[in-house]
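Student: Would you mind keeping the following structure in view while I ask a few things?
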Amino acid sequence: MILILIGYMASGKSTLGRILAKKLNYEFLDLDDYIETNEKSTISDIFKTDGEIYFRKKETHYLRELLESKNNLVLSLGGGTPCYSNNMELILSANHTKSIYLKASIPTLITRLKNEKSKRPLIAHIETDELLAEFIGKHLFERSQFYSLANTTVTTDNKTESHIVEELILQLF
Ligand SMILES: Nc1ncnc2c1ncn2[C@@H]1O[C@H](COP(=O)(O)OP(=O)(O)O)[C@@H](O)[C@H]1O
Ligand SMILES: O=C(O)C1=C[C@@H](OP(=O)(O)O)[C@@H](O)[C@H](O)C1
Ligand SMILES: [Mg+2]
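Each residue of the sequence shown is one higher than the one before, starting from 1 at the first, in UniProt numbering.
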């Protein structure tokens, strides 16, 4: 089984994926980390030197590679992974996978993102909380159509990481 965590930036995919994998004694991979390791560069530098379209092509390449080769894995995607190149279709049609949408409200996302913009090139340049809220509102509206196709949805507002992981396990098994 491959459990795939999807959701907007700062919904908790990387953090919760690691905890969930440990609980299930599954391997854990974060697609961003996997891309950085294989490309020998950071996400920010890839965006800077090669551009977003190059990043999206690599994102789809490594997603496909992992879906075809792994099992007993928790895979945390990047916030944009399901939204390009029919990747959500790929995820839903892949054998032995379950996808989970980690859903967080805009105020929660802003609170978590405002101190972590620098490592996310799409928002690193946004200077004020108001502009960040405007960006997230529009971006999340555009992307929700992909996230909501996931096999199951768990909200992450005002819940501890361990509470969410327990909820994930109850929903998945
Ligand atoms: N349930 C939660 N409650 C509070 N903070 C959280 C929760 N889940 C994640 N965070 C925090 O939000 C930030 C983004 O989490 P991260 O796992 O990197 O999200 P993503 O991979 O979806 O972008 C991190 O600082 C993390 O510690
Ligand atoms: O939403 C996006 O398009 C992105 C989200 C990031 O991952 P996180 O969701 O883990 O921050 C990372 O893949 C890149 O900065 C692009
Ligand atoms: Mg992440």
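Heads up, the beta-carbon is just placed ideally off N, CA and C, and yes, glycines get one too.
According to DSSP, is Ile164 helix, strand or coil?
Tutor: Numbered from its first residue, the sequence shown carries residue 164 at position 164. The answer is helix: DSSP assigns Ile164 an H, G or I state.
Student: Whether or not the stretch 136-153 and the stretch 63-78 are in contact is what I'm after, with contact meaning three or more pairs of Cβ atoms, one per stretch, closer than 8 Å; do they touch?
Tutor: no
Student: Can you give, in chain order, each stretch of the alpha helix (DSSP H) that sits fully within the stretch 41-75 and has at least 4 residues?
Tutor: 43-49 and 52-69
Student: With a threshold of 7 Å, establish whether the CB of Leu29 neighbours any heavy atom of ligand 2.
Tutor: Position 29 of the sequence shown, counted from the first residue, corresponds to residue 29. Leu29 Cβ: outside cutoff for every heavy atom of ligand 2.
Student: Among all the DSSP beta bridges, which residues are the ones paired with Phe173?
Tutor: As a working mapping, residue 173 is identified with position 173 in the sequence shown. Bridge partners of Phe173: none, in fact.
Student: At the level of alpha carbons, what is the spacing between Ile100 and Thr153?
Tutor: Looking up residue 100 in the sequence shown gives position 100. Looking up residue 153 in the sequence shown gives position 153. Near 6 Å, if we compare the C-alpha coordinates of Thr153 and Ile100.
Student: Could you tell me the boundaries of the alpha helix (DSSP H) in which Leu20 lies?
Tutor: The residue you call residue 20 lines up with position 20 of the sequence shown. Note, Leu20: alpha helix (DSSP H), Lys13 to Leu24.
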